[in-house]
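Visitor: Sending over a structure as structure tokens; questions will come in a sec.
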Amino acid sequence: MSMISRRTALCLTCAAALAAGAPALAQDQRVLSEVSKYLNQLYAIKGRFTQINADGSRSAGDYYLMRPGRIRFEYDGGQSMVISSGTNVAIFDAKATTRVQRYPLSQTPLRFLLADDIDLTRGNVAVGTGSQGGYTTVELRDPKNPGDGSMILTLRNQPPALTEWTVTDASGSRTRVILETLEYDRSLSPHLFNIEAAARRWN
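Quick note, the sequence shown lines up with residues 9 to 211 if you use our numbering.
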């Protein structure tokens, strides 16, 4: 990726590898710092995704992300969509009785990924890190609001790339989102993330 420096790539790889004799806490902090630097470069991206639901079913579609706070999932078939406007998250479902449901972004794990300034070393939100097969994982949970659920981010080390995340809700139900492609696109329009405009068309 042209926007990611070779130095950042090497740092992320080194941080993901366990240093012999290094305290686990210090190692985790180094990993979290490098992952934060990478995520802060994801200002505007888009691509294809596959979602694996808690019951094992799969769905796919297009996603658009513009930090801070905004993301849009358009599911194939046009029957469902998810939009975060920066303040709220809206779930659109053409088959549901309530076709549009809204939730505060601040009460969802997506806020970790969509924050304006991502620093995973602060606030004790990082439960832990892992490294296996050239990938780094970071588990995130708000210690003050454990009922909001948790998120596990998975990143490829070289070249650095966010590849997927798994969200677990308070009941233990897990949803896995795999980013099949990731493309930088600073031309993304803020109108993509306008919940009210989308709701008018949806209804």
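Glycine residues also receive a C-beta, built at the ideal position from the N, C-alpha and C atoms.
Quick caveat: nothing in here was measured; it's all calculated off a predicted structure.
By the DSSP assignment, the alpha helix (DSSP H) with A68 in it spans what residues?
Guide: No alpha helix (DSSP H) contains A68, which is instead part of the beta strand (DSSP E) from 66-74.
Visitor: Buried or exposed for A28, please, with buried defined as at least 16 other CB atoms from any protein chain shown within 10 angstroms of its CB.
Guide: Confidence is the limiting factor: at A28 the pLDDT is only 38, short of 50, which leaves the residue's position unreliable, though a coordinate-based value still follows. When all chains shown are included, A28 counts as exposed.
Visitor: Could you name each continuous beta strand (DSSP E) segment of 3 residues or more that falls completely within the segment 122-183, going from the start of the chain to the end?
Guide: Counting only runs of 3 or more, we get 134-140, 143-149, 158-164, 169-176.
Visitor: Would you please state the rounded distance, in angstroms, between the beta carbons of N96 and L113? I believe it to be under 8 Å.
Guide: Confirmed, Cβ separation roughly 6 Å.
Visitor: Give the straight-line distance between the Cα atoms of Q59 and R194, rounded to the nearest whole angstrom.
Guide: So the alpha carbons of these two residues sit roughly 25 Å apart.
Visitor: What number of angstroms, rounded off, separates the C-alpha of V135 from the C-alpha of L128?
Guide: Answer to the nearest angstrom: the Cα atoms are 10 Å apart.
Visitor: Measure the C-alpha to C-alpha separation of A52 and A169 and round it to an integer number of angstroms.
Guide: Approximately 14 Å between the Cα atoms of the pair.
Visitor: Determine which residues share a DSSP beta bridge with D101 and list them.
Guide: D101 pairs with S88.
Visitor: From which residue to which residue does the beta strand (DSSP E) around A52 run?
Guide: Where A52 is concerned, the enclosing beta strand (DSSP E) stretches over 52-60.
Visitor: Please report the straight-line C-alpha distance between N48 and R75, rounded to a whole angstrom.
Guide: Using only the alpha carbons, I get a separation of about 9 Å.
Visitor: Along the chain, where does the alpha helix (DSSP H) containing R110 start, and where does it finish?
Guide: Premise fails: R110 lies in the beta strand (DSSP E), 108-112, not in any alpha helix (DSSP H).
Visitor: With burial defined as no fewer than 16 other Cβ atoms inside 10 Å of the residue's Cβ, what is the status of E188: buried or exposed?
Guide: With fewer than 16 other Cβ atoms within 10 Å, it is exposed.
Visitor: By DSSP, does S41 sit in helix, in strand, or in coil?
Guide: In the structure shown, S41 sits in a helix (DSSP, three-state: H, G or I).
Visitor: Can you tell me whether DSSP reads E204 as helix, strand or coil?
Guide: Reduced to three states, the DSSP call for E204 is helix.
Visitor: Any contact of the segment 144-159 with the segment 60-67, i.e. 3+ C-beta pairs under 8 Å?
Guide: The segment 144-159 is not in contact with the segment 60-67.
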